[in-house]
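Asks: Sequential numbering of the sequence shown, starting at 158, is according to my numbering.
Every residue gets a Cβ at the ideal spot worked out from N, C-alpha and C, and that includes glycine.
Every value quoted in this text rests on a predicted model; they were computed, and no experiment measured them.
Quick one: the structure is below, and I'll ask about it shortly.
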Amino acid sequence: MHTVAVVMGSKSDLPIAEKAVAVLQEYGIGAEVRVLSAHRCPEQAREFAASARESGFSVIIAAAGMAAHLAGAMAANTTLPVIGIPCRSGGLGGMDALLSTVMMPSGIPVATVAVDGAKNAALLAVQILAVADGELARKLDEARRAETQAVLETDAQVREQFRQER
Ligand code: RP5
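Right, dumping it as structure tokens:
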């Protein structure tokens, strides 16, 4: 059983973090959900990241807004893959969090998704786990096929709606 850690900088980030947890659940992946601020409880955040591998986590997803240092703080203290979700918060529409999350110094990577990109964060975690899990890979393939089918059906409807006699 895989377990992903989903950490957030504040309870304000919960609506985003919850979306990641829901996608993980769709794939049968357990999540431990924590509020651990890089600024307000830096020691606890550091300890969590430093012990994450021995705690049995495979991937850490970190969601934070504003000066979003949580994903970077996680990555600084573990070699598990860390996926950062920059959250829209405050007056800059998430650009602050995006840059704070993505602009990591060389050697300490954070795989950063779009602002509020919880679904892709979770899917990226599933894809990492699927490298060594054929059943997960099969589920991912199935989801991609369903997505393709949905777009093709929408395309057919739109073409029908705007069909003109030539
Ligand atoms: C960040 O500041 C959090 O990740 C959150 O997105 C934002 C606002 O936090 P609160 O002041 O609402 O706790 O640290």
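1. To the nearest angstrom, how far is the alpha carbon of A303 from that of A232?
2. Can you find a heavy atom of ligand 1 that lies under 7 angstroms from the Cβ of A233?
3. So, are the CB atoms of S208 and T160 less than 8 angstroms apart?
4. Taking 6 angstroms as the limit, tell me which residues put their C-beta closer than that to any heavy atom of ligand 1, in chain order.
5. From P238, L286, H196 and R301, pick the residue whose C-alpha is nearest to that of A225; which is it?
6. Would you mind working out which of F205, G222 and A188 sits nearest S169, comparing C-alpha positions?
7. Considering only heavy atoms of ligand 3, does any lie closer than 7 angstroms to the CB of Q284?
8. What is the rounded straight-line gap between the Cα of Q182 and the Cα of D290?
9. For the stretch 203-274, which segments carrying the alpha helix (DSSP H) assignment without a break, of at least 4 residues, lie completely within its bounds, in sequence order?
10. Since A220 and C244 are thought to touch, with beta carbons under 8 angstroms apart, how far apart are those beta carbons, to the nearest angstrom?
11. The beta strand (DSSP E) spanning G187 covers which residue range?
12. Helix, strand or coil for A162 per DSSP?
13. Across the stretch 266-273 and the stretch 232-242, are there enough close Cβ pairs to call them in contact, namely three or more that are closer than 8 angstroms?
14. Out of curiosity, what's the CA-to-CA distance linking T305 and L281?
Replies: Let's see:
1. On the sequence shown, position 146 is the one that residue 303 refers to. On the sequence shown, position 75 is the one that residue 232 refers to. Rounded to whole angstroms, A303 and A232 show a C-alpha spacing of 34 angstroms.
2. Against the sequence shown, residue 233 aligns to sequence position 76. False, no ligand heavy atom lies under 7 angstroms from that Cβ.
3. In the sequence shown, counting from the first residue as 1, residue 208 sits at position 51. In the sequence shown, counting from the first residue as 1, residue 160 sits at position 3. Pairing S208 with T160 gives a Cβ-Cβ distance that is not under 8 angstroms.
4. After applying the 6 angstroms Cβ criterion, the set is G166, S167, S169, D170, S194, A221, G222, M223, C244 and S246.
5. Working through the sequence shown from its first residue, we reach residue 225 at position 68. Distance check between A225 and each of P238, L286, H196 and R301 places H196 closest, using alpha-carbon atoms only.
6. Residue mapping note: residue 169 aligns to position 12 of the sequence shown, counting from 1. Measuring from the Cα of S169, the nearest candidate turns out to be G222.
7. Ligand 3 is absent from the structure shown, which contains only ligand 1.
8. Locating residue 182 in the sequence shown gives position 25, counting from the first residue. Locating residue 290 in the sequence shown gives position 133, counting from the first residue. For the pair Q182 and D290, the Cα-to-Cα distance works out to about 16 angstroms.
9. Taking only runs of at least 4 residues, the alpha helix (DSSP H) segments lying wholly in the stretch 203-274 are 227-233 and 252-259.
10. Against the sequence shown, residue 220 aligns to sequence position 63. Against the sequence shown, residue 244 aligns to sequence position 87. Cβ atoms of A220 and C244 come within 8 angstroms of each other, at about 5 angstroms.
11. For the purposes of this step, residue 187 is taken as residue 30 along the sequence shown, with counting starting at 1. Taken as a continuous stretch (DSSP letters only), the beta strand (DSSP E) holding G187 covers G187 to V192.
12. Indexing the sequence shown from 1 puts residue 162 at position 5. Three-state DSSP puts A162 in a strand.
13. Result yes; three or more Cβ-Cβ pairs closer than 8 angstroms.
14. Here the question's residue 305 lines up with position 148 in the sequence shown. Here the question's residue 281 lines up with position 124 in the sequence shown. The straight-line gap separating the alpha-carbon atoms of T305 and L281 is approximately 18 angstroms.
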